[in-house]
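Participant: Here the sequence shown stands for residues 1471 to 1882, numbered as in our numbering. Would you mind keeping the following structure in view while I ask a few things?
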Amino acid sequence: MKLSIPRGIIYHKLFDDSQALVSVFFKKLDRDTIVEQWEKVFAQYINQNYSVAFPYARTAIYYALKSQKLPAGSEIIMPPISIKGILDVVLALNLQPVFVDIDLNTLCFDMKEIDAAITPKTKAILITYLFGIVPNMEDMIEICKKNNLFTIEDFSQCLNGKYKNKKVGSFGNVGVYSASSIKTLDTYGGGLLVCNDSKLHELLKSMQSSLSIPSRMHLINKIIVDLIRNLATSRLIFHFIVFPLLKVFSILNPDGVMKITGKRAQNMIKVLPERWFEKYTSFQAELGLKTLSIVQSEDAMRIKNVEYLKSTLTSLSFPKNGPDTQNVYWQFVAFFNNPKDSQKRMHKMGVDTSTTSLELISSLDAYPYKGDTPNANYLYIHGMFIPSFPGMSKKDLKRVSSSVNIITKQRS
Ligand SMILES: *Cc1c(COP(=O)(O)O)cnc(C)c1O
């Protein structure tokens, strides 16, 4: 029997999520020594001296920027596509977001556009590696250094990505990784900041200690979300229940099923929610310590799948490999002329696909800050994921490849 292929997976075993859902009721959440042990291990993993664990990546970015005491109105160069929470923390610090368009080959900033965007008020930059693609980091860092920019790397989608054998997250002043649901290392949320500067580390540790006591209920919610997503994408349940429902929904409400994890709230928030400022728990740290060692073998499987797909998808365009980069392809994104129609036709062939659930933060209706970012707009609308997750069989890959080829070759 040919089981349908889901758009993506959760990087936990179902058993682990079930076990977590039981043990979360009994375990202490505030064992600082375990969090510190995890911070050490994660810092080493990225080849940095220090790490500080926050509850979310957005919180880590908030404190990284706050540590710089930038004057109000300072400009920060931002990716046009990311999670909205990052824009919210930048605004909460009274900084001015400046959106710089991406290069469609690297999905990271177009270097020429950075140069053009820099003014005497530009103080910081948030490099974001979308979908596990690494740009030319020498050129990128040179621009940052030349302009004296405080450089934050958001490598949430690119854990283990490298440029000339150096891991992303270790190029700027700080690197930030989000260990949230659907990421390759997922500790039921978390924002792990890495840096090399001992003074900055000390300051960030003191900011971390000011965070409030974590809520067990919030943690339980996150485990339940992962468990449900994990169940929904397990092959039998996906094939017999989720996929038939998806197909019905996609007729009733095509936009509703177009985003990988659904649509997200787009309202502007006035006060940052309290749950963004709760401590990262020792429960999460323990999970990180337990699962870090399997990330690379899963990366290897996914990268191999993407390389196979790239070699067989001859009529499709996707981001290009640079000579010195090691991409990890968190999600394999390719450009489709007509995504809605392609999604429908791939569904008919038993292959699920979608566009990103990240927001086009350079043009949110509710926000007065806009950017002219045509490439990012193109990625947002035309970039669809081709299933390539670890655990796919050769047969699955062949089916994905032939269904994409049928779609892209037929249209002239
Ligand atoms: C998933 C993701 C995040 C998540 O951030 P949280 O604040 O931890 O929810 C941030 N940035 C990028 C690029 C992401 O993909």
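Glycine is no exception: its CB is placed at the ideal position from the N, C-alpha and C atoms.
Can we say the region 1755-1763 touches the region 1728-1743, given the rule of at least three CB pairs closer than 8 Å?
Facilitator: The region 1755-1763 is not in contact with the region 1728-1743.
Participant: Quick one: does the C-beta of GLY1555 sit closer than 6 Å to a heavy atom of ligand 1?
Facilitator: Indeed, a heavy atom of ligand 1 lies less than 6 Å from the Cβ.
Participant: Entirely within the region 1606-1660 and at least 3 residues each: give me those beta strand (DSSP E) ranges in chain order.
Facilitator: Complete beta strand (DSSP E) runs here, min 3: 1620-1624, 1644-1648.
Participant: What is the DSSP secondary structure of LYS1729, reduced to helix, strand or coil?
Facilitator: LYS1729 falls in the strand class under three-state DSSP.
Participant: Since LEU1757 sits in a beta bridge, which residues does DSSP pair it with?
Facilitator: Its beta-bridge partners do not exist; DSSP assigns none.
Participant: First and last residue of the beta strand (DSSP E) that includes PRO1550?
Facilitator: That residue, PRO1550, is in no beta strand (DSSP E); it is neither H nor E in DSSP.
Participant: Since LEU1663 sits in a beta bridge, which residues does DSSP pair it with?
Facilitator: DSSP, once it has assigned bridges, lists VAL1522, VAL1646 as partnering LEU1663.
Participant: May I ask you to report which of helix, strand or coil DSSP gives VAL1798?
Facilitator: In the structure shown, VAL1798 sits in coil (DSSP, three-state: anything other than H, G, I, E or B).
Participant: So, with DSSP's three-state summary, where would you put THR1878?
Facilitator: Of the three classes helix, strand and coil, the one that applies to THR1878 here is helix, per DSSP.
Participant: Under a CB-based cut-off of 7 Å, is HIS1709 close to chain B?
Facilitator: Judged by its chain identifiers, the structure shown contains no chain B, having just a single protein chain.
Participant: Within the region 1836-1874, note down every full alpha helix (DSSP H) run reaching 4 residues or more, in order along the chain.
Facilitator: Listed in chain order, they are 1844-1852.
Participant: The beta strand (DSSP E) that contains LYS1593, what's its start and end?
Facilitator: Where LYS1593 is concerned, the enclosing beta strand (DSSP E) stretches over 1592-1598.
Participant: Just list the beta strand (DSSP E) runs in the region 1771-1816, keeping only unbroken ones of 3 residues or longer that don't cross its boundaries, in chain order.
Facilitator: Taking only runs of at least 3 residues, the beta strand (DSSP E) segments lying wholly in the region 1771-1816 are 1803-1805.
Participant: For VAL1646, count neighbouring C-beta atoms within 10 Å of its own C-beta (all shown protein chains included) and say buried if the count is 16 or more, exposed if not.
Facilitator: Buried, since its Cβ has 16 or more Cβ neighbours within 10 Å.
Participant: Could you tell me whether any non-hydrogen atom of ligand 1 is closer than 6 Å to the CB of ASP1696?
Facilitator: No, the beta carbon of ASP1696 sits no closer than 6 Å to any heavy atom of ligand 1.
Participant: Answer yes or no: do ILE1551 and ALA1804 have a C-beta to C-beta separation smaller than 7 Å?
Facilitator: No, Cβ-Cβ distance for ILE1551 and ALA1804 is not below 7 Å.
Participant: Three-state secondary structure (DSSP) at SER1824?
Facilitator: In the structure shown, SER1824 sits in coil (DSSP, three-state: anything other than H, G, I, E or B).
Participant: Please tell me whether VAL1727 and LEU1716 are closer than 7 Å, where the distance is taken between their beta carbons.
Facilitator: Closer than 7 Å, so yes.
Participant: Whole angstroms are fine: how far does the CA of ASP1794 sit from the CA of TYR1443?
Facilitator: Beyond the ends of the chain as shown, which are 1471 and 1882, falls residue 1443; an answer cannot be given.
Participant: Let me know if GLU1768 comes out buried or exposed under the rule of 16 or more other beta-carbons within 10 Å of its beta-carbon.
Facilitator: The residue in question, GLU1768, is buried, as its Cβ has 16 or more Cβ neighbours within 10 Å.
Participant: If you reduce the DSSP assignment to three classes, tell me which class SER1474 lands in.
Facilitator: Coil at SER1474, not helix or strand.
Participant: Label LYS1554 either buried or exposed according to how many other C-beta atoms from any shown protein chain fall within 10 Å of its C-beta, with 16 as the threshold for buried.
Facilitator: Buried: at least 16 other Cβ atoms inside 10 Å.
Participant: Can you tell me which of the three DSSP states GLN1566 falls into?
Facilitator: GLN1566 falls in the strand class under three-state DSSP.
Participant: With a threshold of 7 Å on Cβ separation, who are the neighbours of THR1589 within its own chain once the five nearest residues in sequence on each side are excluded?
Facilitator: Cβ neighbours of THR1589 beyond the five flanking positions: GLU1545.
Participant: With DSSP as the reference, label LEU1830 as helix, strand or coil.
Facilitator: Looking at LEU1830 - three-state DSSP - the assignment turns out to be strand.
Participant: Cα separation between ARG1815 and ILE1877?
Facilitator: Spanning the two alpha carbons is a distance of roughly 7 Å.
Participant: As a quick exercise: from LYS1868, GLY1661, SER1648, pick the residue whose alpha carbon is nearest that of SER1781.
Facilitator: Taking only the C-alpha atoms, the option nearest SER1781 is LYS1868.
Participant: Return the chain-ordered list of same chain residues with a C-beta closer than 7 Å to the C-beta of PHE1708, the five sequence neighbours on each side being excluded.
Facilitator: These residues qualify, in order along the chain: SER1474, PRO1476, ALA1702.
Participant: By the 10 Å Cβ neighbour count, where 16 or more other Cβ atoms means buried, how is GLY1478 classified, buried or exposed?
Facilitator: Label assigned to GLY1478: buried.
Participant: Quick one: is LEU1557 buried, meaning 16 or more other Cβ sit within 10 Å of its Cβ, or exposed?
Facilitator: Buried, since its Cβ has 16 or more Cβ neighbours within 10 Å.
Participant: Quick check: the Cα distance between GLY1639 and LEU1722, rounded to an integer number of angstroms?
Facilitator: C-alpha separation (whole angstroms): 42 Å.
Participant: How far does the alpha helix (DSSP H) with TRP1508 in it reach, from first residue to last?
Facilitator: Note, TRP1508: alpha helix (DSSP H), 1502-1515.
Participant: From THR1678 to LEU1561, what does the alpha carbon distance come to, in whole angstroms?
Facilitator: It is worth fixing the name first, because residue 1678 is Gln in this sequence and not Thr. Each residue's Cα considered, the two are about 20 Å apart.
Participant: Nearest CA to the CA of GLU1583: which residue from LYS1864, ASN1808, PRO1549?
Facilitator: Minimum Cα distance to GLU1583 is reached at PRO1549.
Participant: Let me make sure I understand the geometry here. Which of ILE1851, GLY1661, ALA1586 has the alpha-carbon closest to that of TYR1750?
Facilitator: Nearest C-alpha to TYR1750: GLY1661.
Participant: When we look at the beta-carbon of GLN1796 and count the other beta-carbons within 10 Å, is it buried (16 or more) or exposed?
Facilitator: It is buried - the Cβ of GLN1796 has at least 16 other Cβ atoms within 10 Å.
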